[in-house]
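With this note's numbering applied, the sequence shown closes on residue 1931, and no number is skipped along the way. Glycine included, C-beta positions come from ideal geometry on N, C-alpha and C. Bear in mind that the values here come from a model prediction, so they are computed numbers and not experimental data. These notes are about the structure you will find just below.
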Amino acid sequence: MRFMLTGSLGLALGLLVAGARGQEVAWRPVLGRPVALPQPSPAAEPSTPAVTLGSPLITLGQPIPLGGGRESIPAKDPLVALASFNQPLLDAPQPNARGQNPDLAGPSLTPPPPAPPPGFPAVTAPTPNEQYNCGVVTENPAGPPHHWYDIFTGRGSGRKAFESDHAFDEQFISPVSNPFLFEDPRALTEVRPIFMWQQTPSTAPGFHGGDIEYAGLQARLAVTDWLSFTMSKLGFTWIEAHDPFDGIQNGEGFSEIWLGPKVTFLRCESTGTLLAAGLNFQIPAGSARVFQDTGTLSLEPYLSFGQSFLRSSYGHFAVLDTLGYDFSIDNKRTDYVFDSLHLDYDVANLHKIFPLIEFNYFHYTTKGNSQPFPFEGADLFNFGSSALAQRNLLTMAAGARFKFCEGIELGLVGEFPLTSDHGLEDFRLTADMIFRY
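This is the structure:
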């Protein structure tokens, strides 16, 4: 029994001593009993406090090496380097202007972003032709909208509304003589003042070498490059008879009105070829004093042809021709066939000076029944002569046309008859000025 008590006491003391050696230097007793602790000196290494037996429970703390002292941590770790930090110097902020992005407070501390990768080249939109080649439907199956509007305004054809056909400007000029019947085959929009002075033969009854003057205006309107409308005669006529009698007196008055449509059904730019057909309505709405009221109405269908040829570095030729038939719807007016031929030369291809020569032919097929005269008036008058003796008249005109620019032209010719019968034309001077759009 005593042996057991002695062993138990020794075991308890051993445990207490071991626990005391594992405690921290500054240990704390259980609350309720103050214990004075020795204060270690700052110079000396702290020693292990004495342990007294008692009833307070001792808690285990941080292990302490058995050598009796702490392992000292070296003052400097060779693997650890001290670093210093200096505040970066930043530029002073700049003043801002209204509407300007503010400047940064200083240089950026972050590197600029990397450059973006090179992009692909820009892809242009496909052209309408390319879309069509790729099978893309570019038009409404029912047809383009406003079709008639496009025709009359020229939209989609590269021309302005009512603009003249300028594709042949460097190949043709308009004729000068016989202006009421000799028609340019092109579709044109223009205004053309005309003046004619004509001397009559001394053998013509009533006139006896008197003068005839005409001053008027022509107008043309090109709806498309193949459809146009013409007003070829509108003006005033003067008669100065040297031997007037009851049938022929001096006077002046309003002339007949000639107008109608024209269709250019063949136009080839590569060969310089033109062919047109038209119909003029000759309305006798003028003055009776100058014989501009004969009959009711005449119709004048015609064909007009143009061809340029022999092009060289010195210039080129161009020929124009108009063939037509003038017939009345009653027996009051005289009917006739006419043909006018024009030949010009573009000097040095300057498109400025065009010497020209023209021929005009009239063949009267049916006499009229209005006046007892032995002559007719060709393009100036339709007397409706019932005593017409000669049925053929051929004249020649020579002169030139000068182009100031593509829109302004001046023409001048002198004309005289080649047949023995002169009719009412012993000599004629014709001048015009064209203002073309």
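Can you say whether Phe1877 is buried or exposed, counting buried as having 16 or more other CB atoms within 10 angstroms of its CB?
buried
Which of helix, strand or coil DSSP assigns to Arg1885
Looking at Arg1885 - three-state DSSP - the assignment turns out to be coil, as it is neither helix nor strand.
Secondary structure of Tyr1819, DSSP reduced to three states:
Reduced to three states, the DSSP call for Tyr1819 is strand.
For Glu1657, the first and last residue of its enclosing beta strand (DSSP E):
No beta strand (DSSP E) holds Glu1657; DSSP gives it neither H nor E.
Ala1537 burial status per 10 Å Cβ neighbour count (16 or more: buried)
Because the pLDDT at Ala1537 is just 49, under 50, the model does not fix this residue reliably, and the point stays unresolved.
Close beta carbons around Ala1698, own chain, < 7 Å, minus the five adjacent residues each side:
Phe1869, Leu1918
Return yes when the Cβ of Lys1861 is within less than 8 Å of the Cβ of Phe1896, no when it is not.
Pairing Phe1896 with Lys1861 gives a Cβ-Cβ distance that is not under 8 Å.
Considering only their Cβ atoms, is the gap separating Phe1676 from Pro1669 smaller than 8 Å?
yes
Would Ser1806 be called buried (16 or more neighbouring beta carbons within 10 Å of its own) or exposed?
Burial state of Ser1806 is exposed, judged by a 10 Å Cβ sphere holding fewer than 16 other Cβ atoms.
For Tyr1708, the nearest candidate out of Phe1898, Trp1691, Ala1609 (CA to CA)
Trp1691
Residue range of the unbroken alpha helix (DSSP H) whose run includes Gln1693
Segment 1684 to 1693 is the beta strand (DSSP E) holding Gln1693; no alpha helix (DSSP H) there.
Pull the bridge partners of Gly1754 from the DSSP assignment, please.
Answer is Thr1724.
Taking Asp1659 as the reference, give the member of Leu1888, Thr1913, Cys1762 with the closest Cα.
Cys1762
Check Arg1930 in the structure and name its three-state DSSP category.
Residue state for Arg1930 is assigned as strand, using DSSP reduced to three classes.
Have a look at Val1907, Ser1671, Cys1628, Arg1930 and flag the residue whose alpha-carbon is nearest the alpha-carbon of Cys1899.
Arg1930
Look at Ser1722 and Leu1682 and say whether their C-beta atoms are less than 8 Å apart.
yes
Residue range of the beta strand (DSSP E) that Asn1744 falls in?
From DSSP, Asn1744 is part of no beta strand (DSSP E); its letter is neither H nor E.
I'd like the span of the alpha helix (DSSP H) that includes Glu1624, first residue to last.
1622 to 1627
What would DSSP say about Ala1894, mapped onto helix, strand or coil?
strand
Cα separation between Glu1664 and Lys1826?
Straight across, the Cα-Cα distance linking Glu1664 with Lys1826 is about 44 Å.
Identified DSSP bridge partners for Asn1774
Glu1794
Under 8 Å between the Cβ atoms of Leu1887 and Thr1913?
yes
Closest residue to Gln1865 among Phe1848, Ile1742, Thr1724 (Cα-Cα distance)
Cα-wise, what sits closest to Gln1865 is Ile1742.
Return helix, strand or coil for Ala1636, following the three-state DSSP convention.
Any reading at Ala1636 must be qualified, since the residue scores a pLDDT of 49, below 50, and its modelled position is unreliable; the value itself is stated next. Here DSSP, grouped into helix, strand and coil, assigns Ala1636 to coil.
Determine, using beta carbons only, whether Phe1689 and Arg1680 come nearer to each other than 8 Å.
no
Contact check, Asp1824 vs Gly1789 under 8 Å by CB: the rounded distance?
5 Å
Rounded to whole angstroms, what is the Cα-Cα separation between Pro1695 and Pro1911?
11 Å
8 Å Cβ cutoff met for Lys1756 and Phe1674
no
Would a C-beta distance cut-off of 8 Å place Phe1848 and Asp1838 closer than the cut-off?
yes
What does DSSP give as the partner residue(s) for Ser1806 in the beta ladder?
BP columns for Ser1806 point to Gly1809.
Within 8 Å, strictly: CB atoms of Tyr1830 and Asp1815
no
Determine the contact status of Thr1724 and Glu1746, defining contact as a CB-CB distance below 8 Å.
No; because the gap between Cβ atoms is not below 8 Å, this pair is not in contact.
Find the nearest neighbour of Phe1867 within the set Ile1928, Ala1881, Phe1856, judged by alpha-carbon distance.
Ala1881
For Leu1874 versus Ile1706, is the C-beta spacing smaller than 8 Å?
yes
Look at the Cβ atom of Gly1905, then the Cβ atom of Ala1891, and state whether they are nearer than 8 Å.
no
I believe Phe1799 touches Leu1768 by the beta-carbon criterion, under 8 Å. Please report the beta-carbon distance rounded to the nearest angstrom.
7 Å
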